Amino acid sequence: MRALIESYHKIKVFSKTGKPGRPKDPIKEPHPDLVYGQVIKERKGSRIIGVTYRIKCGAKQLAQLGLKISTTLLERLNLTLRQSLAPLARKTLGFSKERKNLRKQIVFFQAFYNFARPHMSLREKVSETTKPFEQRWASKTPGMAAGLTDHVWTFRELLTVKLAQAP
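Residue numbers for the sequence shown, in the working numbering: 1 to 167.
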């Protein structure tokens, strides 16, 4: 949990009390948007006999959204990232020496995944009656499904897009 808070934190600064003595040092608190939970599987041999869910932080956010911990989505995301980014693959020589370079790779992959990579599960049927060798399905990316773009981006388009600066 300490490593997680080290990466995703908000610094809490204590105000001066007016009393003599040294003021309290600032502390790192978990970021308010951080949701972290554990799924603990109890096994007997190769069979799972019990599953325990523990929410370490962000219980209020999960309750407000009416959600619970789902390992299926997280494991699918982990597999996709490991297959796509060499530094995250297991038993590999490709690793990032610096954390900021890994962060840049992940951010770029996120943009590629959402705007330039069509997904089979999002495709839409073009028409019922198609002739041989005609396209039956229209490709769709998560960005298109969310209404952020109207077409599948090319790699060149992804690399050369100009974004507005955040305020």
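Heads up, the beta-carbon is just placed ideally off N, CA and C, and yes, glycines get one too.
Note that the structure is a prediction, hence the values are computed from the model and not measured.
Looking only at 118, 4, 26 and 123, the smallest Cα-Cα distance to residue 14 is reached by 26. Take the alpha-carbon of residue 30 and the one of residue 10: they are about 6 Å apart. Residue state for residue 134 is assigned as coil, using DSSP reduced to three classes. If you look at residue 38, you'll find it in the beta strand (DSSP E) that goes 36 to 44.
For residue 47, the enclosing beta strand (DSSP E) stretches over residues 47 to 57. Taking a 10 Å sphere around the C-beta of residue 120, we find fewer than 16 other C-beta atoms and assign the residue as exposed. Spatial neighbours of residue 135 in its own chain (CB-CB distance under 8 Å, excluding positions within 5 residues in sequence) are listed in chain order as 126.
Straight through space, the alpha carbons of residue 99 and residue 41 are spaced by roughly 31 Å. Collapsing the DSSP output to three states places residue 106 in a helix. Here residue 60 carries a helix assignment [DSSP, helix/strand/coil]. In the DSSP assignment, residue 5 falls outside any beta strand (DSSP E) and lies within the alpha helix (DSSP H) extending over 2 to 7. Excluding five sequence positions before and after residue 81, the CB atoms of its chain that fall closer than 6 Å to its own CB belong to 88, given in chain order.
For residue 30, the uninterrupted beta strand (DSSP E) segment begins and ends at 27 to 30.
Distance check between residue 51 and each of 85, 64 and 69 places 69 closest, using alpha-carbon atoms only. The three-state secondary structure of residue 75, taken from DSSP, is helix.
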